Every structure is written in structure tokens, then in C-alpha cells.
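Engineer:
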Amino acid sequence: MKIALAQLDYTVNHIDGNRRKIVEAIRQARERHVDLVVFSELSICGYPPYDLLHSEDFIKHCNAAISEIAKHCEGIAAIVGAPFKDSKQAANKLHNSAYLLANGAIAGVHHKVHLSTRDVFDEYRYFSPGKELETFEVNGKMVTITIGNELWDDQQTAHSPDNNTSAYPVDELQKHRPELLINISSIPISLDTRSQRLSLFKNTVKRLGVPLIQVNQVGANTDFIADGCSKVFNSKGEVIIECKPFEEDLQIVSILEISSLKPVVQTDSVKSRTPAIHDALVMGIRDFFHKSGFTRATLGLSGGIDSAVVVVLAQRALGSKNVRVLILPSEYSSQQSVEEATILAKALNVQFDLIDISDAFNALKRSMAKVFGRLPENLTEENMQARVRGTMLMALSNKLGYLLLNTSNKSEAAVGYGTLYGDMCGALGVLGDVYKTDVYALARYINSEREIIPANTIAKPPSAELRPNQKDSDSLPPYDILDPILYRYIEWNKSPHEIIDEGFSPETVNRVIELVNNSEHKRYQSPPVLRISSKAFGFGRRMPLVARR
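The C-terminal position of the sequence shown is numbered 541 in our numbering, with every residue numbered one higher than the one before it.
Next up, the structure:
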């Protein structure tokens, strides 16, 4: 039996477009004499569909698409992910399901048993669990189909509030004695758990002693980014075939070859971290624009490292002709920053406009003089500069039809080092899940073959340049101290005492955590971010806005 792993980039709610992609992949697989094509979880509707699943029309459209795809499955079988509404049950339950299509019809359906509530997943909001794992005969082979975390080892068991399913997926699988495992998933990229994810699959396969075909979605839908990396594991848990990361791919394997193919060399997860961040963000920008129907991006280019990295990523995602930047200096901006921003814009061949904001800023100060009286200048005037820039960027966006990219990083968002309605404006937070230390790593990676970002942009101390001789370190600990504290508090949920016990200064830890806790109102009004971690602000970390801090 020849099996094709169809790793495709789907668009949420573009059911007809997704159907056409699936049918085209089936056609290509048939030309290559494939017996079974495997697609990812909820491929028919795109992942994640969220509350679209509450729409009856949406479910009917998905069902109609499945029936249409089945007509193309003569002489070839396919496994397609889609929602399933069981109209025969009084409760009219909705399931996250895998359809087995063969002989022009639906040959079988598996309903996901072990639903997930981990991280960004909220499956019990939408789906009811199936009753049990099922095994199907496909081309004479007994195949067990699983969805997402149903294949995870006992070390990461699924939660079941209904208590009607086993907590140990692997134990259930052993009872089925399958000859082949197939897992369809839509797993978001999480750079801090990539190796763990691979280990989960390997451990399960080793325990069962059965080959595994694992097909993951690729592509981005809003904040959700899936890296693909679909795989074939032999019965020893070794990866013998791997689809390309961050790209659509169609890989074919013969069951007879699985035991004889040599394992592929796995990339070192530490060395591949920064390239993966780069590729994820480029794909995230590209899909956000293309799937939303937009083509052109704008941003403010300050001469600082954050906006420098974002403009490079945007140019690589959308092309030079679709990126336009504003360079918006004030009296506090250094000439060097203006020159570096100009050099970078020219190097990328993106259109840029240089507008000094001093006149607009001073006019605003004069307008507020009656209110402020003789009060000394302070943070208010710094924020006013950021809001003048935000107004100009949004005006360009509004007038000329560009989407504004936000350039704030995760470190800044965590401690509230940003201005609401100023530098926090934007339709998409490109670096909103990237700590400052990773931003520096991205800049060095971008420059690894030739200098694109001016070297001094990377080397100079970071500064908002909103007052004379300002540096980020005036308000924050150095980023090589700040980021490890933030990581422990946000990603690992460690308490202040636990972080201090690791050797960090109690004064610094308490100050940082106070900043994080007091900045929740800003994060509530931040743009959606491209998610690359297990604890991105937004769906990944849901904290109360009004609470005792």
C-alpha cells in the first residue's frame, strides 16, 4: 500500500477552496499510484474554526464538501478531517472527526475521543468526545486513526470532564492491535516544546511497535501557526520521512519501505530555534495578509532593532513593492537612527517617507497648555510623541489601504513598556510573542550571510528616543536578566519565590512581576500576535483584567 502525506495550508471558513485543494492533492496522488491520501485535522474547514462551529450553515457546508470529495475517491482512499454532527442522537452532538473516504462514499468515521483543553485548545466548548478509538481495514491493512493528542503517551494524558473515556490513549491502542497508526493533527508551533512533541510520538510508537503516519497542518490562521513537519515513523520510533517545515508538501511512502528506509537526521532544536522563528513569522505575515484579502503593509521604521527586524520579515513575506514605511523622527531622535532607518529601507527597496513629527508634537503640546498649565514635562509628553506617530501611521493605513504592522516585542508587552494608541497600534503584532533576546538573535540570523540590518542598529543600546539620552535600561533591567525572569514567570508559571531561589535578585524579580501584573490592561488592547510559544499573550495566557494584584 502506498500512502501520501498531504501537508496543506488551509484557510478557515474557505470550505470550497479547501475542498479544491484536497481534491487536487487526491488527483496528484492518484497519478503517482497512491492507495491512501492522508490530510490533517479539520482540513475541510481550516483550523482553528472557533465559534464558526456553532453555525448550522457552516456544518452543512462542511458535510457537503465531504460528500463532494468522496466522489473523487474511486480507486483511491482518503482520510479527511472535518466536524461531524450526529443528527441521530437526541443531543445532536458535534464531533471532531476523521472521515475515511473510499469507493466514492464515506467508508467510516472516527470521532475524537480524547479532547484537549491544553494551552490554546478549548475543544469541550465545541465538541463532544467519541466513545472509543476505532480501527478500519484499508487495502487489507488494519489501520487505527487518531486525532491530535489521542496518540500522546501516558506522560501527557488527555482530560475528560465526562469521565467516559480512558485516560490512557496508548493502553487503548494496544487493545486494537493495529498494523498501522495514522494520526491527523493541527498542532501549533511551540518552540519551547518541539522536542517534547517529537518524543511523545516516538515513545508511543516504540511502546506499540507499529509504524505511524503523522500528518500535521501547515500555515497560519490569525495567531495560530502550524509548522507542518509531518512525519513517518518506523516501528522503532525512528523518523524515516519528514515533510518540509513551513511549506506545503506531498510525501509518499510504501508500507513495504517503512522498515528498510534509513532514519532522517533530526535538526538540533537549539540550533534551529532562530531559523524556525524567522520562518514562522514570515509565513504568519504572509498568510495573515493573503487570507484576509490584504496585500500591503506599513510600519514605523525608527532605526531601532525591533522595527528593523519587522520590516525585513514583512519584505520577505510580501515583497518590496508591498511594504511602505514611515521614518518619524523627533527632536530626541539621533541622526544616526534616522540614517540607519534610511539605509535599511533603501537596502530592502521599500518605499519610505521621512516626516519630522516635531511640528505636530509641539502643536499638540500648545493645544494642551491650557489644561496642563505649568506642570513639568514627564511621561505624558513621551507618550504624546508615540501617539503622534501612531496617528500618522494609522492615517497612511486608512488613506492608502495599508495594514499597519506593530513592532512591539514580548518583553515590552510583558512589562507594559509601550504606549496605548501609540506604538501599540497595529493590525498584527509580529514580535508580540518574541522576547527581546530572541529579537537580537533574529537580527543576527538575518545578517548571517550579508549585512542587511545596519550593524550599529544591533550593537547600540536600545532606546525609545522619547527624551534626551534615554535608554531602555533606565526603566528596565537589562534584557539578559529581564527575559529569563519573564520566561520563568510567564512560560513556566513559577512563583516569585521560586524564581528568586534560582539566584535572581529579589528586588529585581518583585519589580518585574509587579510590572507584568500591572500591565494587563495594555495587553487586553494589544493587536493579535503571531504565536510561537506555549504561552502567547491572548488565548495562550488568559488573565483577569480586574483583579487584586
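The beta carbon of each residue, even a glycine, is placed where N, CA and C say it ideally should be. Being a predicted model, the structure only gives us computed values, none of them experimental.
#1: I need the straight-line Cα distance from Val207 to Asn88, nearest angstrom please.
#2: Please name the residue in Val315, Ala309 and Val274 whose C-alpha comes closest to that of Leu291.
#3: Excluding the 5 residues flanking Phe128 on each side, which residues of the same chain have their C-beta closer than 6 Å to its C-beta?
#4: Leaving out the 5 sequence neighbours to the left and right, which residues in its chain are closer than 7 Å to Gln307 when beta-carbon positions are compared?
#5: According to DSSP, is Ile58 part of a helix, a strand, or is it coil?
#6: Can the beta-carbon of Gly276 be found closer than 8 Å to that of Leu522?
#7: For Ile139 and Lys13, what's the separation of their Cα atoms in angstroms?
#8: Measuring CB to CB, does Asp425 end up less than 8 Å from Ser525?
#9: Let me make sure I understand the geometry here. Which of Lys80, Gly408 and Leu253 has the alpha-carbon closest to that of Pro203?
#10: Quick check: the Cα distance between Val538 and Asp298, rounded to an integer number of angstroms?
#11: Rounded to the nearest angstrom, what separates Ser120 and Glu490 at their Cα positions?
#12: What does the alpha-carbon distance come out to for the pair Ala69 and Asn95?
#13: Enumerated in chain order, which unbroken segments of the beta strand (DSSP E) with a length of 3 residues or greater are wholly contained in the segment 176 to 239?
#14: Going by DSSP, name the residue or residues bridged to His103.
#15: Hey, Asp475 and Tyr409: beta-carbon distance below 8 Å or not?
#16: Measuring CB atoms only, is the segment 109 to 116 touching the segment 62 to 81, in the sense that at least three cross pairs come out at less than 8 Å?
#17: Between the Cα of Ala528 and those of Ser79, Thr500, Arg540 and Ile482, spot the shortest distance and give me the residue it belongs to.
#18: Measure the C-alpha to C-alpha separation of Tyr39 and Tyr432 and round it to an integer number of angstroms.
#19: Quick one: Cα of Leu242 to Cα of Asn390, how far?
#20: Determine whether the beta carbon atoms of Thr411 and Asn375 lie at a separation below 8 Å.
#21: Quick one: is Asn84 buried, meaning 16 or more other Cβ sit within 10 Å of its Cβ, or exposed?
#22: What separation, rounded to the nearest whole angstrom, lies between the Cα atoms of Ser403 and Asp493?
#23: Mind checking whether Ala(-2) and Phe31 have CB atoms under 8 Å apart?
#24: Measure the beta-carbon distance from Ile36 to Arg11 and round it to whole angstroms, keeping in mind my assumption that it falls under 8 Å.
#25: At what residues does the alpha helix (DSSP H) containing Glu373 begin and finish?
#26: Can you tell me the Cβ-Cβ gap for Val593 and Thr399, rounded? I've got them flagged as a contact below 8 Å.
#27: In whole angstroms, give me the CA-to-CA distance for Glu499 and Leu478.
#28: With DSSP collapsed to three states, give me the class of Met134.
#29: Would you decide whether His103 is buried or exposed? Buried here means 16 or more other CB atoms lie within 10 Å of its CB.
#30: If you measure between the beta carbons of Ala218 and Asp279, is that distance less than 8 Å?
#31: On a Cα-Cα basis, can you pick out the residue from Leu420, Pro453 and Asn5 that is closest to Asp43?
#32: What does the Cβ neighbour count give for Pro255, buried or exposed, with the cut at 16 atoms within 10 Å?
#33: Tell me whether Lys527 sits in a helix, a strand or coil according to DSSP, three-state version.
#34: For Val301, which of helix, strand or coil comes out of DSSP?
#35: Over what stretch of residues does the beta strand (DSSP E) that includes Ile71 continue unbroken?
#36: Reducing DSSP to helix, strand and coil, say where Tyr437 ends up.
Structural biologist: With the given structure in hand:
#1: As a working mapping, residue 207 is identified with position 215 in the sequence shown. As a working mapping, residue 88 is identified with position 96 in the sequence shown. Going from the Cα of Val207 to the Cα of Asn88 covers about 16 Å.
#2: The residue labelled residue 291 in the question sits at position 299 within the sequence shown. The option with the nearest alpha carbon to Leu291 is Val315.
#3: Taking the first residue of the sequence shown as position 1, residue 128 is located at position 136. Cβ neighbours of Phe128 beyond the five flanking positions: Leu92, Gly100 and Val135.
#4: Mapped onto the sequence shown, residue 307 falls at position 315. Hits under 7 Å: Val315, Leu340 and Val342.
#5: Position 66 of the sequence shown, counted from the start, is the residue given in the question as residue 58. Here Ile58 sits in helix by DSSP.
#6: The sequence position of residue 276 within the sequence shown is 284, counting from 1. The sequence position of residue 522 within the sequence shown is 530, counting from 1. In this structure, Gly276 sits near Leu522, with a CB-CB distance shorter than 8 Å.
#7: Sequence index remark: in the sequence shown, residue 139 carries index 147 (1-based). Sequence index remark: in the sequence shown, residue 13 carries index 21 (1-based). C-alpha separation (whole angstroms): 21 Å.
#8: Position 433 of the sequence shown holds residue 425. Position 533 of the sequence shown holds residue 525. Cβ atoms of Asp425 and Ser525: closer than 8 Å.
#9: One-based indexing of the sequence shown puts residue 203 at position 211. Closest option to Pro203, Cα to Cα, is Leu253.
#10: To locate residue 538, count along the sequence shown from 1; it is residue 546. To locate residue 298, count along the sequence shown from 1; it is residue 306. The straight-line gap from Cα to Cα measures roughly 30 Å.
#11: Locating residue 120 in the sequence shown gives position 128, where the first residue counts as 1. Locating residue 490 in the sequence shown gives position 498, where the first residue counts as 1. For Ser120 and Glu490, the distance between alpha carbons rounds to 38 Å.
#12: If you number the sequence shown from 1, residue 69 lands on position 77. If you number the sequence shown from 1, residue 95 lands on position 103. Taken atom to atom, the span from the alpha-carbon of Ala69 to that of Asn95 is near 7 Å.
#13: You should have 204 to 208, 210 to 213, 216 to 219, 223 to 225 and 231 to 234.
#14: For the purposes of this step, residue 103 is taken as residue 111 along the sequence shown, with counting starting at 1. In the DSSP output, where bridge partners are listed per residue, His103 has Ser89.
#15: The residue given as residue 475 occupies position 483 in the sequence shown. The residue given as residue 409 occupies position 417 in the sequence shown. Between Asp475 and Tyr409, the gap from beta carbon to beta carbon reaches 8 Å or more.
#16: No, because fewer than three Cβ pairs between the segment 109 to 116 and the segment 62 to 81 fall closer than 8 Å, the two stretches do not touch.
#17: In the sequence shown, counting from the first residue as 1, residue 528 sits at position 536. Of the candidates Ser79, Thr500, Arg540 and Ile482, the one whose C-alpha sits nearest the C-alpha of Ala528 is Ile482.
#18: The residue given as residue 39 occupies position 47 in the sequence shown. The residue given as residue 432 occupies position 440 in the sequence shown. Roughly 31 Å between the two C-alpha positions.
#19: The residue you call residue 242 lines up with position 250 of the sequence shown. The residue you call residue 390 lines up with position 398 of the sequence shown. Cα to Cα, Leu242 sits roughly 40 Å from Asn390.
#20: Within the sequence shown, the letter at position 419 stands for residue 411. Within the sequence shown, the letter at position 383 stands for residue 375. A contact, by the Cβ cut-off of 8 Å.
#21: Mapped onto the sequence shown, residue 84 falls at position 92. Per the 10 Å Cβ criterion, exposed.
#22: Here residue 403 refers to the residue found at position 411 when the sequence shown is read from its first residue. Here residue 493 refers to the residue found at position 501 when the sequence shown is read from its first residue. Answer to the nearest angstrom: the Cα atoms are 22 Å apart.
#23: Your numbering for residue -2 matches position 6 in the sequence shown. Your numbering for residue 31 matches position 39 in the sequence shown. Yes, the pair counts as a contact, with Cβ atoms nearer than the cut-off.
#24: On the sequence shown, position 44 is the one that residue 36 refers to. On the sequence shown, position 19 is the one that residue 11 refers to. About 7 Å separates the Cβ atoms of Ile36 and Arg11, confirming a contact at the 8 Å cut-off.
#25: For the purposes of this step, residue 373 is taken as residue 381 along the sequence shown, with counting starting at 1. In the DSSP assignment, Glu373 falls within the unbroken alpha helix (DSSP H) covering Leu371 to Leu392.
#26: Lying before the first or after the last residue shown, residue 593 is absent from the chain, which here runs from -7 to 541.
#27: By one-based count along the sequence shown, residue 499 stands at place 507. By one-based count along the sequence shown, residue 478 stands at place 486. When rounded, the separation of the alpha-carbon atoms in Glu499 and Leu478 is 14 Å.
#28: If you number the sequence shown from 1, residue 134 lands on position 142. If DSSP states are grouped into helix, strand and coil, Met134 belongs with the strands.
#29: Reading the sequence shown from its first residue, position 111 is the one you call residue 103. His103 counts as buried, since no fewer than 16 other beta carbons sit within 10 angstroms of its beta carbon.
#30: Residue mapping note: residue 218 aligns to position 226 of the sequence shown, counting from 1. Residue mapping note: residue 279 aligns to position 287 of the sequence shown, counting from 1. No, the Cβ-Cβ distance between Ala218 and Asp279 is not below 8 Å.
#31: Taking the first residue of the sequence shown as position 1, residue 43 is located at position 51. When each option's Cα is compared against that of Asp43, the closest is Asn5.
#32: The count along the sequence shown starts at 1 and reaches residue 255 at position 263. Flag for Pro255 reads exposed.
#33: For this step, residue 527 is matched to residue 535 along the sequence shown. When secondary structure is reduced to three states using DSSP, Lys527 falls in the coil class, being assigned neither helix nor strand.
#34: Start at 1 with the first residue of the sequence shown, and residue 301 comes out as number 309. Of the three classes helix, strand and coil, the one that applies to Val301 here is helix, per DSSP.
#35: Position 79 of the sequence shown, counted from the first residue, corresponds to residue 71. If you look at Ile71, you'll find it in the beta strand (DSSP E) that goes Ala69 to Lys77.
#36: Here residue 437 refers to the residue found at position 445 when the sequence shown is read from its first residue. If DSSP states are grouped into helix, strand and coil, Tyr437 belongs with the helices.
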